[in-house]
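A quick write-up on the structure given underneath.
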Amino acid sequence: GFSFLTKMASFTPLSNQRSSLKHLFFLPLSEKKKKNGPKSLRDLRAERQAQAERSVLVSCHPKTHENKFLKYLSRHGNVNKCFFYESFGTYAVVEFSNQDGVQSLLESAAMPSVSHESVVPLRSRLLSLRNVNTVDTDKQSAPSANHRELTCPLTVFLLTQLEQQIVSLTEAHSLTDENTRLRFLVCSLLNDIAAAYFPQSSIKPFGSSVNGFGKLGCDLDMILDLDGTSEGNANMPRSGMYMEYLVKRTSSERAVTQSVLSVIAGCLDQFGPGCVGVQKILNARCPLVRFAHQPSGFQCDLTASNRVAMRSTELLYLFGELDARVRPLVFTVRCWARAHGVTSPIPGAWITNFSLTIMVLFFLQRRNPPILPTLDRLKELAEPSEKCVLDGNDCTFTSDFHRISLETNTETLDQLLGDFFEFYSTFIFNRMSINLGRYGKEHKPELHPLYIQNPFETSLNISKNVNSSQLERFVTLCQESAWLLQSGSHLNTLLLPSHISVVRGRKKRKSQPASERIKGLLESLRIKNNQDTNDIDFH
Ligand code: GTP
Ligand code: MG
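In the working numbering, the protein residues as written are 67 to 605.
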């Protein structure tokens with residue numbers, strides 16, 4: 067797919083951004099905290115955003131000579147990081163050690179002179195590398211050896227074969243450091259356009275780009291925050307004179323969002339370098355602008371004033387950080403669901419990835435002892451300063467890992483995956499709801515086949531689009547998958563639709579790409595694992 071990043075070369079050793087799952091898996095949480103942090107999402111964002119702001123994106127010739135390019139860049143400033151990737155051509159992400167480097171590079175850049183066309187003279191940090199001499203085709207261009215080290219080497223000792231496969235699948239699929247940098251850079255580039263109208267604005271990624279459950283190729287969800295953090299009137303004095311901005315008023319926040327997004331969509335469409343296929347979807351419950359950002363290959367959704375979604379992102383991130391088994395399990399279930407058409411990129415009566423993730427988290431809250439705490443518990447642990455009410459919804463919970471203590475649960479990923487399928491094979495969907503808030507059987511307040519309570523807007527069902535035949539299919543697939551795992555099947559059996567009769571029995575599926583992709587992935591894992599360990603056989 068066009069949104070998969072192919073890495074070509076990188077001159078800096080890759081940071082250990084992707085910590086070895088396995089390594090983490092066997093460290094008690096307290097050890098993990100001492101070693102790696104866990105960083106709060108807020109800190110992580112700030113760091114990524116700062117990197118993005120001193121970076122540029124450069125379209126290059128595929129045979130660009132890396133060292134000469136770096137030498138050229140270093141005339142403008144010290145380069146912290148530079149890597150190449152392909153997406154409708156070759157691009158380089160260049161991060162300078164400070165913004166002066168970016169400024170100097172931009173000042174040196176020329177407007178293209180074209181004879182039969184005209185250009186929109188918008189100067190952005192999306193550049194194109196030109197060479198006055200003939201194209202440099204000498205040697206080089208083979209990917210540097212250090213680039214393969216993206217995933218940490220896997221050792222086989224402690225994990226069972228199935229666990230090993232789950233971990234490999236997760237490592238092969240999750241967002242890399244480079245991909246994440248590029249996501250923040252795209253937000254920062256787009257914000258330069260919004261900032262022409264709203265100098266205080268910032269565009270921030272949310273959803274799976276930052277919640278820890280992102281897969282290579284997932285869309286880029288962004289929120290446009292127009293006025294800093296919308297944190298209200300820091301400047302208002304208790305008494306005396308003060309200035310207020312004279313502003314235009316409209317009937318509702320929704321109307322403001324719609325008109326701002328409409329203008330931004332127009333700008334992106336007409337001036338935004340690399341933005342194509344811009345669609346305004348302004349009448350949706352959550353108005354948005356959808357487009358493809360061609361240089362990055364990302365499918366983008368830009369929303370505004372969607373603060374609750376930012377909070378859900380933070381909650382999912384927190385859950386993913388609390389226990390090292392959460393992410394591999396969510397990944398595997400998502401891959402499984404995609405392979406069997408339980409989820410789909412096309413909107414419809416399917417379960418969404420967001421719903422599915424909540425189903426996994428809910429299941430993990432119900433282990434004995436629980437692997438994850440409830441949202442109510444996280445709320446109780448919050449300090450007064452963490453109180454957060456958005457649009458009338460209580461979105462309070464603690465983000466402080468040190469305040470959350472968990473009971474020891476030593477279940478393996480094998481067990482958990484099998485039990486996940488069991489759990490939902492027998493879940494009483496017609497009477498019960500799925501609710502991250504608290505323990506205790508929650509009765510369904512309404513009749514939709516699947517009821518998953520929105521964590522923060524608790525009167526809403528996030529899965530009311532799911533019809534009963536989709537839910538039945540999900541349950542049957544869970545039953546069959548539980549059975550396959552009990553009879554010792556490998557992960558590939560579980561991920562290939564042909565092995566499961568609920569799919570086999572149906573008409574031939576029209577679209578094969580997902581299963582083909584996963585087959586390809588398994589194939590590559592098999593090769594990788596054989597290289598690494600010689601003793602894993604996926605077939
Ligand atoms: P991907 O499938 O990898 O894109 O996962 P995602 O988590 O990014 O999902 P998606 O792009 O569909 O939505 C982005 C974010 O919007 C989610 O992470 C949620 O925070 C929020 N969101 C998505 N669907 C719903 C919904 O039905 N209700 C509510 N309240 N929020 C949603
Ligand atoms: Mg998304």
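Note that the Cβ used here is the ideal one computed from N, Cα and C, for glycine as well. Every value quoted in this text rests on a predicted model; they were computed, and no experiment measured them.
Give me the Cα-Cα distance between residue i and residue j, rounded to the nearest whole angstrom.
i	j	result
S106	I412	33 Å
T492	A448	34 Å
L286	K147	22 Å
P511	I528	13 Å
P303	S471	42 Å
C454	F150	41 Å
Q545	E488	7 Å
F162	L444	39 Å
V160	Q115	14 Å
I347	E473	45 Å
C366	L290	12 Å
V180	V186	12 Å
S371	L381	18 Å
S555	H131	48 Å
A358	A331	12 Å
V145	A118	13 Å
A548	Q536	18 Å
L551	T226	13 Å
A390	L235	15 Å
T423	T379	12 Å
N19	A405	Outside the shown range of the chain (67 to 605) lies residue 19, about which nothing can therefore be said.
G414	H514	15 Å
K594	L241	Residue confidence for K594 is low, a pLDDT of 47 falling below 50, so the modelled location carries little weight; the figure read from the coordinates is stated next. Rounded to whole angstroms, K594 to L241 spans 18 Å at the Cα level.
M309	S451	28 Å
K205	S190	The predicted position of K205 is uncertain, since its pLDDT is 43 and thus under 50; no value can be drawn from it.
Q481	L430	12 Å
K137	Q345	41 Å
L557	S140	47 Å
L368	S553	45 Å
S534	D442	30 Å
T524	M498	15 Å
Q165	L327	28 Å
A262	S305	34 Å
Closest by CA to residue i, which one among the options?
i	options	result
L543	M177, R373, D457 and P563	P563
D460	F487, P353 and G503	G503
G363	S153, N496, V122 and Y138	S153
G167	C333, H406 and V122	V122
L195	A405, S170, T474 and A158	A158
G143	E132, Q169 and N133	Q169
G343	L334, P353, A350 and A321	L334
E113	S254, S325 and R497	S254
Q324	Q345, M309, F337 and L354	L354
D243	F429, V276 and A262	V276
M425	E446, R373, T462 and F486	F486
N197	R120, F135, A238 and K530	F135
N245	P361, V322, Y138 and R191	P361
F337	E237, Y308 and S184	S184
A350	R320, C341 and R377	R320
K530	G506, I494, S421 and E446	S421
L171	R120, A262 and V322	R120
With C-beta atoms as the reference, is residue i less than 8 Å away from residue j?
i	j	result
E477	R432	no
T156	P178	no
P394	L282	no
V532	W416	yes
W402	L526	no
M288	I269	yes
L427	F467	no
V392	R539	no
S274	N419	yes
E387	G280	no
A175	L188	no
D457	R373	yes
F463	A375	no
Q377	F522	Residue 377 is actually Arg in this sequence, not Gln. Yes. Within cutoff.
| Within the chosen definition, does the stretch 430 to 440 reach the stretch 514 to 523 through at least 3 CB pairs nearer than 8 Å? | Not touching, per the Cβ criterion.
| request: Can you list the residues near the ligand GTP, meaning Cβ strictly closer than 5 Å to any non-hydrogen atom, in the order they appear in the chain? | output: Ordered along the chain, residues surrounding the ligand GTP are G273, S274, C284, D285, D287, A375, S378, N419, F420, N520 and I528 [Cβ under 5 Å from any heavy atom].
| request: Indicate whether the contact test is met: 3 or more Cβ pairs, each with one atom in the stretch 316 to 324 and one in the stretch 250 to 263, closer than 8 Å. | output: The answer is no - the stretch 250 to 263 does not touch the stretch 316 to 324, with fewer than three Cβ pairs under 8 Å.
| Any contact of the stretch 392 to 406 with the stretch 231 to 246, i.e. 3+ C-beta pairs under 8 Å? | Contact between the stretch 392 to 406 and the stretch 231 to 246 is present, because at least three Cβ pairs lie under 8 Å.
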